[in-house]
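Counting with my numbering, you get residues 1073 to 1171 for the letters of the sequence shown.
Positions of the beta carbon are idealized from the N, C-alpha and C atoms, including for glycine.
Remember, predicted model here, so these are calculated numbers, not experimental data.
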Amino acid sequence: MLADGVEAAARSVQNPTPERIRELVRRIVHERLEDGQLDECDLTFRDLERITQVFTRLLVSMFHPRLEYPEASLEAHRRRRQRGVGAIPVPGRRPRVGP
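Structural data, given as structure tokens:
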């Protein structure tokens, strides 16, 4: 119940920073607690804090921003690969020479 709620909510966050995700998880756990949805379980406040920490860490790792590589850098990488620069030699195979 908690995991489904925080994951679904995190997917809708624009620009998910660690702080935004942390606050979202805390808010959802608090809302569930205040709504009485956790009344019949044996979770302590310490358990809920640990759950909040784990959910936050997991969601931050899932939604961290990806680095965008400049196109020039990608093109240079493609050219190096085509020339075989940086290739790992295979035993028994002669290295490719020239274009």
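- A Cβ-Cβ separation of about 13 Å leaves L1110 out of contact with R1118 under the 8 Å criterion.
- In this structure, A1075 and F1127 form a Cβ contact; the two beta carbons are roughly 7 Å apart against a cut-off of 8 Å.
- Cβ-Cβ distances below 8 Å link P1090 to T1128, V1132 in the same chain, with the five nearest sequence neighbours on each side left out; the list follows chain order.
- For F1117, the enclosing alpha helix (DSSP H) covers residues 1117-1134.
- Rounded to the nearest whole angstrom, the C-alpha separation of L1120 and P1088 is 22 Å.
- Nearest to M1134 by alpha-carbon distance, out of G1077, R1083, M1073, is R1083.
- Linking G1108 to H1102 through their CA atoms gives a straight-line distance of about 10 Å.
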